[in-house]
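Be aware that the sequence shown starts at 26, since it is given in our numbering, and climbs by one per residue.
This report refers to the structure that appears directly beneath it.
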Amino acid sequence: MHPISIVEITPSADVNNITSITAGRLTVNMIGAAVRADYFDAPRVGYPCWGGRSNRG
26 MHPISIVEIT PSADVNNITS ITAGRLTVNM IGAAVRADYF DAPRVGYPCW
76 GGRSNRG
């Protein structure tokens, strides 16, 4: 996943906070897509999970 930046939101020029709402929804949708794609639970290649210890007792 690549980083994303939301820039140029000017509160004084944002009519009825539409731009702010859209940026917030975009952020939540991107986080939701990453969770659905199992991005956060996938083990990283080359890194031992939890310092190399197993959770299997």
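Don't be surprised by glycine CBs; every beta carbon is placed ideally from N, CA and C.
Owing to the predicted nature of the structure, the values given are computational and were not obtained by experimental measurement.
In terms of residues, what are the limits of the alpha helix (DSSP H) holding residue i?
i: residue 43; result: 43-61
Return yes when the Cβ of residue j is within less than 8 angstroms of the Cβ of residue i, no when it is not.
i: residue 45; j: residue 39; result: yes
Going by CA-CA distance only, name the one from the options that's closest to residue i.
i: residue 28; options: 52, 34, 37, 35; result: 52
Measure how close the beta-carbons of residue i and residue j come, nearest whole angstrom, since I'm counting them as under 8 angstroms.
i: residue 58; j: residue 65; result: Wrong, their Cβ atoms sit about 11 angstroms apart, outside the cutoff.
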